[in-house]
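Participant: Counting in the numbering used here, the sequence shown runs from 1 upward without gaps. Glycine is no exception: its CB is placed at the ideal position from the N, C-alpha and C atoms. Mind looking over this structure? Questions follow.
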Amino acid sequence: MRGVVQGVGFRPFVYRLAHHYHLNGRVRNTSGSVDIEVEGAGKAVRNFLSDLKDKAPPVARIENIKATFHSPRGFTEFQIEPSLSREGQYQLVSPDIATCADCQKEIFSHSDRRSGYPFTNCTNCGPRFTIIEDIPYDRPKTTMRKFKMCPQCQREYDDPLNRRFHAQPNACPDCGPSLELVDSQGKAVASQDVIKKAGKLLKEGKILAVKGLGGFQLACDATSDQAIKTLRSRKRRPSKPLAVMIATIKEIEKHCLLSGEEKKLLESPQCPIVLLRWKQGSGIAGAVAPGLKYLGVMLPYTPLHHLLLKEAGLPLVMTSGNLSEEPIAGDNDEALRRLKGIADYFLLHNRDIYARYDDSVYMIEEGQPRALRRARGYAPYPVFLPFKAKQILACGAGDKNTFCLTRDEHAFLSQHIGDMENEETLEHFENTIELYKKLFRVEPEIIAYDLHPEYLATKYALEAGASASLKLVPVQHHHAHIASCLAENGVKDKVIGVALDGTGYGSDGTLWGGEFLIADYESFKRVGHFEYVPLPGGAAAIKKPYRMALSYLYTLLGEDFSLEGLPLAGLKAAEIEVIKKQLKRKINSPLTSSAGRLFDAVSALAGVRGEIDYEAQAAIELEMLAPDEPDKIKIKAGAYPFSIEDEGGMGVVKLRELLLGIVDDIRNKVPAPEMSLKFHHTVAEIVADMCKLIAKESNIKRVGLSGGVFQNRLLLKLAAAALKREGFEVLTHRLVPANDGGISLGQAVVANFADI
Ligand SMILES: [Zn+2]
Ligand SMILES: [Zn+2]
């Protein structure tokens, strides 16, 4: 059997199953698979085989079972045999798993020997990937090796019928890791019960750095505006939404609306942060996610979290322990150094984190779980490819970086690494690549990278490729987006690819971002795009969407256009003059066809947001304004006019009329929510109309939607519906993020088929 079948209680399951059917034989782990031999009556063997699949432990993931029949060897019993290491072979590694119901029962039971023990785990739950240094997965190859099991734990570990049989992180209060509470100077805080004390500090509004599963988290009272304001100012994160951890589903329902699918996802062994509809007047402080109608919520996923939530008796903000833009802090000394000045206290422990891991973020949209950030609980489980891949390293993009290593039918997409903007993140990236290469025995022959010459990941690729004389394959950003969408959907044929995002380096050196391609893994042809406008001041235009709004106005409506009656009229005349000059003389104003920047411009134009302090804030706040149940309101809202012109075989979306329509609406005092809805409908119509034109020429009736703009739930819904109405089959992202977090998968797939 292959798949995630080690470290998940698989062998004891096989053992019990063999006993149940009175079969003799053996089971053992190898570096590549779990091998089983059974002997017995034909019917019993067949039942055994079907139960293997159907009744496997909850966190096992079976990739395939290869079964052959042999003549009996005469086994006299069923045995679990020692692991067998096989050269060059590899196996899938289990992601970390949220605390199971049995372990939860034990920590909350007063009589259990693990009562209140924050490191309780079993074969069905607990840390895996974050503590594994190498395979086969055995305790000496994990960060648990320094803890010698006490006789009682050892007995559990050795007993095939025990839930802790070969649970590598098995531990108890007598022999396992322990907690320590220290102040911001690193001085121990004396207390009888560390968790109780920590809970008390949280209730007092203090900020705690908590060593979690994959790194440090910053925790504070999610109902206290004051605590959150303090955290925000110390973390230098004025308004980016923060995740909240809430003790139970019942408690969550007090604050959020919950669908059946959302509940299922929250309670899954992966236990991600799920974006939920926030109830008006919920006790969660508005400062947690200013201006948003969705709240990122998760259940506790380690015993420590369960115990802490119970002691605090509050919903807690639980956000990555870092300063803005740095990777999550991993070990105690690092946390004390880097989070000094942010946390008042540190809840530390002595189980080392080998691989750092942020919380994953998901949403349910169109009835499907969709990854927005893929990390804890998901990585390093691979994406399965519809072909057998070469050994490739794809280095990803700049923001929200992930990398991807391929081998056989596996694409090992890394956990979220972060924005590649500094040394710390680059180091995290390099170390994690080495870990994946080691765990999955990949020696890349090809390195794939983005065309953008300034991405740190691109620079890394060029250096690493040159020093090891590997084949280098540059991959255009939006081609990679579409290829990643195709790969996760197992589609190999040509599609119409709609890639809408912030910006990505185009083949012609301009900044693309509103792109219509005909693409498959091998190649792409750009057949349409949003019309170009300058990005006045480059990066400054991204931070200040009002600059983008002015660029659209002066470029498309003429430099004499009057701002009268618009919120933009409030800008300083001197700054407007500077921007006008930049546009006119083309100073630091690269051209872009970005759809993300169009959303920014409309947001600023409508007076929603002119300056941002986190990525896509202007577009997100514009989306949030649109009323719910848009289907009902559509009749009233309609769409703005636009046109598509053929420019030498390229369909160009002309936005002049759209802009005039919005300006008119503003001057006529149409409320912003209505404009927002109308604008979203317009972009969905642009997508559908352009695809119709492309389909007429190409006869392709399948569309792939990718790029960060499709994390906009309203747009995703409207665009998919508009396309389906026109008879298109629509492919969307579920397993990997639509944003740049999914780019590396697409790069790897394109590189695999590149002509080199
Ligand atoms: Zn458990
Ligand atoms: Zn013990």
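Note down the Cα distance separating Gly144 from Gln168, rounded to an integer number of angstroms.
Facilitator: Per the sequence shown, the amino acid found at residue 144 is Met instead of Gly. Straight-line Cα distance between these residues: approximately 8 Å.
Participant: Contact defined as beta carbons within less than 8 Å: I believe Ile770 pairs with Ala519. What is the distance between those atoms, to the nearest angstrom?
Facilitator: Since the first residue shown for the chain is 1 and the last is 756, residue 770 is missing from the structure and cannot be characterised.
Participant: Can you list every residue whose CB sits closer than 5 Å to some heavy atom of ligand 1, going in chain order?
Facilitator: Going along the chain, the residues that qualify are Cys100, Cys103, Cys122, Asn124 and Cys125.
Participant: Nearest to Thr68 by alpha carbon, out of Lys581, Glu39, Arg155 and Val687?
Facilitator: Of Lys581, Glu39, Arg155 and Val687, the residue nearest in Cα terms is Glu39.
Participant: With 16 other CB atoms within 10 Å as the buried threshold, where does Glu515 fall?
Facilitator: So Glu515 counts as buried.
Participant: Does at least one heavy atom of ligand 2 sit under 7 Å from the Cβ of Gly176?
Facilitator: Gly176: yes, Cβ under 7 Å from ligand 2.
Participant: I need the boundaries of the beta strand (DSSP E) containing Gln800, first residue and last residue.
Facilitator: No answer is possible for residue 800: the residues shown for the chain start at 1 and end at 756.
Participant: Near Ala343, what residues of its chain come up, given a Cβ to Cβ distance below 7 Å and the 5 sequence neighbours on each side ignored?
Facilitator: Excluding residues within five positions, the ones whose Cβ falls inside 7 Å are Ser184, Ile207, Leu208, Ala209 and Leu218.
Participant: Locate the beta strand (DSSP E) running through Gly651, then write down its first and last residues.
Facilitator: Counting along the chain, the beta strand (DSSP E) containing Gly651 begins and ends at Met650 to Lys654.
Participant: Could you tell me the distance, in whole angstroms, from the CA atom of Glu77 to the CA atom of Arg11?
Facilitator: So the two alpha carbons sit approximately 15 Å from each other.
Participant: Can you determine whether any heavy atom of ligand 2 sits closer than 7 Å to the C-beta of Ala171, and answer yes or no?
Facilitator: Because some heavy atom of ligand 2 lies under 7 Å away, the Cβ of Ala171 counts as near it: yes.
Participant: Is the Cβ-Cβ distance between Val182 and Phe346 less than 8 Å?
Facilitator: Yes, the Cβ-Cβ distance between Val182 and Phe346 is below 8 Å.
Participant: Does at least one heavy atom of ligand 2 sit under 7 Å from the Cβ of Met773?
Facilitator: The requested residue 773 is not part of the displayed model; the chain covers only 1 to 756.
Participant: Return the Cβ separation of Ile228 and Ala285 in integer angstroms, given the expectation that the two are a contact with Cβ distance under 8 Å.
Facilitator: At roughly 5 Å, the Cβ-Cβ gap stays under 8 Å, so Ile228 and Ala285 are in contact.
Participant: Does the structure place the region 470-480 close enough to the region 647-663 that three or more beta carbon pairs sit under 8 Å?
Facilitator: With the cut-off at 8 Å, the region 647-663 and the region 470-480 do not touch.
Participant: Which residues bound the beta strand (DSSP E) around His166?
Facilitator: No beta strand (DSSP E) contains His166, which DSSP labels as neither H nor E.
Participant: Assign Gly708 to buried or exposed, taking buried as 16 or more other Cβ atoms, counted over all protein chains shown, within 10 Å of its Cβ.
Facilitator: Gly708 should be labelled buried.
Participant: Let me make sure I understand the geometry here. Which of Leu723, Asp35, Lys197 and His306 has the alpha-carbon closest to that of Gln79?
Facilitator: Cα-wise, what sits closest to Gln79 is Asp35.
Participant: Consult DSSP for Ile635 and reduce its assignment to one of helix, strand or coil.
Facilitator: Low per-residue confidence applies at Ile635: pLDDT is 46, beneath 50, and the placement is therefore not dependable enough to give any value.
Participant: Strictly by DSSP, which residues pair up with Lys187?
Facilitator: None, per the DSSP bridge assignment.
Participant: Who are the Cβ neighbours of Asp331 in its own chain at under 7 Å, not counting the five residues just before and after it?
Facilitator: Excluding positions up to five away in sequence, the list reads Asp352 and Ile353.
Participant: DSSP three-state call for Asn322: helix, strand or coil?
Facilitator: It is coil, neither helix nor strand.
Participant: Could you give the DSSP three-state label for Val491: helix, strand or coil?
Facilitator: Reduced to three states, the DSSP call for Val491 is coil.
Participant: Rounded C-beta distance between Ile749 and Ala487? I'm assuming under 8 Å.
Facilitator: Position check: residue 749 holds Val in this sequence, whereas Ile was assumed. Yes, Val749 and Ala487 are in contact; Cβ-Cβ is about 5 Å, under 8 Å.
Participant: Any heavy atom of ligand 2 closer than 7 Å to the beta-carbon of Gln152?
Facilitator: Gln152 Cβ: within cutoff of ligand 2.
Participant: Rounded to a whole number of angstroms, what is the C-alpha to C-alpha distance between Ala222 and Leu308?
Facilitator: If you take the alpha carbons of Ala222 and Leu308, they lie about 14 Å apart.
Participant: Might you give, ordered along the chain, the residues of its own chain that have their beta carbon closer than 8 Å to the beta carbon of Leu591, omitting 5 neighbours on each side?
Facilitator: Here the set comprises Thr510, Leu511, Tyr532, Val533, Pro534 and Leu535.
Participant: Which residues in the same chain as Thr406 place their Cβ atom closer than 6 Å to its Cβ, once the five residues preceding and following it in sequence are excluded?
Facilitator: Here the set comprises Ala389, Ile392 and Ala748.
Participant: What's the call for Gln368, buried or exposed, on a 16-neighbour Cβ count within 10 Å?
Facilitator: Burial call: exposed.
Participant: Report all residues from its chain with a CB closer than 8 Å to the CB of Ala601; omit the five preceding and five following residues, and keep chain order.
Facilitator: Here the set comprises Pro545, Met548, Ala549, Ser551 and Tyr552.
Participant: Measure the CB-CB distance between Val317 and Cys220 and report whether it falls below 8 Å.
Facilitator: In this structure, Cys220 lies closer than 8 Å to Val317 by Cβ.
Participant: What is the C-beta distance between Tyr137 and Gly32, in whole angstroms, given that I count them as a contact (C-beta under 8 Å)?
Facilitator: The pair is not a contact, with the Cβ atoms about 13 Å apart (cut-off 8 Å).
Participant: Would you grab the beta carbon distance between Gly396 and Ile612 for me? Rounded to a whole angstrom, and I think it's under 8 Å.
Facilitator: Not quite, the Cβ-Cβ distance comes to about 23 Å (not below 8 Å), so this is no contact.
Participant: Between Phe524 and Ala754, what straight-line distance do the alpha-carbon atoms span, to the nearest angstrom?
Facilitator: If you take the alpha carbons of Phe524 and Ala754, they lie about 12 Å apart.
Participant: Using 10 angstroms around the beta-carbon of Lys494, count the other beta-carbons present and answer buried if the total reaches 16, otherwise exposed.
Facilitator: Its Cβ being crowded by 16 or more others within 10 Å, Lys494 is buried.
Participant: So Ala684 and Ala719 are in contact, right, with Cβ under 8 Å, and what is the actual spacing, rounded?
Facilitator: About 4 Å; that satisfies the 8 Å criterion.
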